[in-house]
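Reviewing the structure listed below.
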Amino acid sequence: MTSSVLKSTIDEKTVDQIEGLTPEKRGAARVWHSIGSFVQKKPLGAIGAVVLFAFIGTALLAPQVATHDPDLNNYRERVKPPSAEHWFGTDNFGRDIYSRVIYGARISMSVGIFATLLGTSIGAAAGLFSGFVGGRTDQFMQRVADVMFTIPGLVLAMAIVTMLGPSMFNVILAIAMPRIPDTNRVIRSAVLSVKESLYVDAAHAVGCANWRIMLQHILPNVLAPYIVIASAGLSGAILVESSLSFLGLGVPPPAPSWGRMLSTEGMRFFETATWMAIFPGIFISAAVFGANLFGDALRDVLDPKLRGR
Amino acid sequence: MQTYILRRILLMIPTLLGAVTLIFLIMRLLPGDVALYILGSDESSEMNREALQRIRSELGLDQPLIVQYGEWVWKALRFDFGNSYWTRQPVIEELGRRYPMTASLAFLSLLLGTLIAIPIGVLSAIRQDTFIDYGARIFSIAGLSIPSFWLAILIILGLVHYFRWLPPLDYAPFWVDPWLNFKQLVFPALVTGYRLSAIGARMTRSSVLEVLREDYVRTARAKGARELVVVLKHALKNALLPVITIIGIELLVLFGGLIVVETVFTIPGIGRFLVDAITHRDYPSIQALVFVFAAFVLVINLLVDIVYAILDPRIRYA
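Line by line, the protein sequences are chains A and E. Numbers in the numbering used here are just positions in the first sequence, counted from 1, shifted up by 370. Numbers in the numbering used here are just positions in the second sequence, counted from 1, shifted up by 370.
Structure (structure tokens):
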């Protein structure tokens with residue numbers, strides 16, 4: 371930890387000038403340096419990243435972090451307020467809410483991350499292709515995106531889950547779908563400007579194949595907007611997952627999804643058992659809050675138009 | 371300007387047709403058999419094959435796909451969405467009954483959201499990097515992070531606890547009793563409006579910050595205009611353009627919020643209709659609702675562009 375702090379204070383040129391470093395160590399030092407400067411320039415973003423990684427860690431280590439079996443019904447312990455035994459109380463089936471909320475991180479994080487990756491990857495591939503090829507193909511693909519834009523994300527996701535039936539994979543698919551058109555737009559416009567660069571002309575001139583120009587010369591240069599839109603999409607994906615679960619269209623029970631824990635079935639208990647309503651909501655908000663802070667900071671760092679503001 | 375609007379309206383037709391096709395494809399090509407669901411059976415056994423056949427022909431599901439598609443598009447374009455599988459009533463009548471509630475809720479959310487967003491955004495910009503600014507930014511990020519349904523639940527719990535207030539069983543339409551309608555919808559509208567105001571405040575802040583650096587603001591200050599006049603008359607007026615665009619885009623997000631909030635507050639609007647239609651696998655209603663949502667989105671996008679053109683004299687459409 372101390373070494374990372376030390377390295378982050380060295381500026382990038384100095385990293386290159388230090389002698390006796392192997393190329394690998396130099397690379398590592400550069401990574402530490404950029405993390406260090408991110409923390410310095412964007413403390414809020416760093417907090418967001420810490421929150422986000424804490425949730426991912428919780429999801430991975432759920433069996434170790436939880437105190438009870440999240441799905442174990444215990445009728446003698448129904449609707450009990452928070453206590454030393456049940457930190458967040460129990461629900462109407464006597465299940466330990468703390469353990470359910472911890473396991474719930476698995477659903478939220480995996481659905482959120484995989485749906486974002488899936489949707490933005492398809493969208494980016496479409497945008498890359500559409501922007502590079504241009505002409506009629508481009509026109510056609512953008513009209514398809516127009517159509518997808520007209521259906522609100524939650525509505526589209528609801529329709530898809532209804533048809534495919536609720537399951538983890540289908541929920542991921544349904545949440546990924548609305549991400550496609552907006553990623554497509556952003557990447558396409560980035561491709562259009564990169565396409566005019568001298569180095570792309572040069573690649574054409576030396577006879578590079580089109581696919582190679584697309585993948586080796588254009589793709590790396592539209593990675594920044596891709597990271598920005600993907601990280602911005604994560605918070606949205608977590609929110610949509612919780613809304614779908616709330617409406618009964620998420621990952622099916624007894625999986626402890628945060629949204630489902632707040633669904634209308636529990637409503638009649640909430641009035642007397644407020645803890646049932648409070649803890650899952652805090653977890654959703656905290657996860658989305660972390661993702662938002664991190665996404666905003668990444669955007670500020672990576673978007674050249676916003677630099678220095 | 372007129373030709374621009376006309377062209378935009380004409381361009382809406384293919385997009386809407388595309389949306390209609392997309393819904394049809396989702397509803398018909400993805401696996402899932404309506405007839406089985408209506409019969410309340412999970413498997414098609416020898417016994418109920420006849421019953422299944424009858425339901426399919428009753429719903430026209432035994433026709434070739436292309437015929438079903440043609441019929442659905444042709445009828446949808448004349449606002450005939452068929453009868454609900456659930457209530458057996460024409461879907462269009464149900465829509466007519468429910469849309470005023472959603473429209474007044476959406477309007478109130480937009481109004482409250484904008485009224486909160488602009489002052490907070492402006493204050494945050496003119497007091498940049500002070501505690502007012504930090505407070506306003508936390509307000510915004512929280513608004514983007516707290517799920518609407520949870521906020522709605524918390525508000526109901528709070529109102530029940532402190533004021534013994536319950537969501538009304540019967541909501542009054544706006545033109546019957548505007549004041550009652552306002553009182554009943556103000557809390558749901560605050561929930562959906564909060565999200566809008568969070569987005570609006572962020573946009574207002576960055577937009578005002580940008581405009582405050584412009585030459586004409588410096589000129590206004592140099593000629594001795596009061597700071598209040600500089601901010602409100604010179605800066606805010608020009609800073610509002612991107613705010614309008616973003617609020618227009620965010621109306622899409624508002625729909626998601628409306629669905630959820632109508633469910634929590636049991637408001638008989640079209641958002642709740644969609645949830646009911648989905649739980650009952652009421653396909654004609656689902657298709658009709660998605661159609662209405664899509665049409666609405668297109669109209670709002672058009673309105674945003676028109677307002678934009680009116681407000682910014684630099685934009686001229688040939």
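Virtual Cβ for every residue (Gly too), placed ideally from N, Cα, C.
Quick one: complete alpha helix (DSSP H) runs, 4+ long, within the segment 512–596 of chain A? 523–534, 538–546, 549–565, 568–575
Given a cut-off of 8 angstroms on the beta-carbon distance, is the pair S615 (chain A) and R638 (chain A) in contact? no
How would you list, in chain order, the residues of chain E whose beta-carbon sits under 8 angstroms from the beta-carbon of P522 (chain A)? L622, V623, F625, G626, F663, V667
Below 8 angstroms, can you find three or more Cβ-Cβ pairs linking the segment 548–563 of chain E to the segment 629–639 of chain E? yes
Proximity winner among A:W457, A:K450, A:N443, relative to V435 (chain A) (alpha-carbon distances): A:W457
I379 (chain E): contacting residues in chain A (beta-carbon distance under 9 angstroms): The contacting residues do not exist; I379 (chain E) stays about 15 angstroms from chain A at best.
Can you tell which of E:F544, E:I511, E:L550 has the C-alpha that lies nearest to the C-alpha of P537 (chain E)? E:L550
Name the chain D residues that come within less than 8 angstroms of G651 (chain A), Cβ to Cβ? Absence of chain D from the displayed structure is noted, the protein chains being A and E.
Contact belief for D461 (chain A) with V449 (chain A) at Cβ below 8 angstroms, rounded distance in angstroms: 7 angstroms
Bounding residues of the alpha helix (DSSP H) (the contiguous stretch that carries D503 (chain E)): 501–515
Would a check of beta-carbon distances place G505 (chain E) closer than 8 angstroms to chain A? no
Determine the chain A residues that contact I396 (chain E) at a beta-carbon separation under 7 angstroms, and present them in chain order. A529, I530, M533
G493 (chain A) and I545 (chain A) closer than 8 angstroms at C-beta: no
Of all the CB atoms in chain E, is at least one closer than 8 angstroms to the CB of E641 (chain A)? yes
Residues near I629 (chain E) in its chain [Cβ-Cβ closer than 8 angstroms; skip 5 each side]: G641, R642, L644, V645
On the three-state DSSP scale, how would you describe T460 (chain A)? strand
How would you call P413 (chain A), buried or exposed, if buried means at least 16 neighbouring beta carbons within 10 angstroms? exposed
Taking 8 angstroms as the threshold (beta carbon to beta carbon), is D466 (chain A) in contact with chain E? no
Am I right that T615 (chain E) and I488 (chain E) are in contact with their C-beta atoms under 8 angstroms? What's the rounded C-beta distance? Their Cβ separation, rounded to whole angstroms, is 14 angstroms, which puts T615 (chain E) and I488 (chain E) out of contact at 8 angstroms.
On the DSSP letters alone, give me the boundaries of the alpha helix (DSSP H) that N671 (chain E) sits inside. 653–681
Interfacial residues, the segment 487–513 of chain A to chain E, with Cβ spacing under 9 angstroms: R513
Quick one: is Y569 (chain A) buried, meaning 16 or more other Cβ sit within 10 Å of its Cβ, or exposed? exposed
Which of helix, strand or coil DSSP assigns to P460 (chain E): strand
Give the single residue among E:Y653, E:V674, E:T385 whose Cα lies nearest to the Cα of M518 (chain A). E:T385
Could you tell me which residues DSSP pairs with N453 (chain E) in its beta bridges? E:P460
Using a Cβ-Cβ cutoff of 7 angstroms, what residues of the segment 596–617 of chain E are near chain A? List them in chain order. none
Counted within 10 angstroms of its Cβ, other Cβ atoms place F625 (chain E) as buried (16 or more) or exposed: buried
When the cut-off is 8 angstroms and only beta carbons count, does M466 (chain E) lie next to chain A? Sequence inspection shows Gly at residue 466 (chain E); the Met mentioned does not correspond to that position. Not an interface residue.
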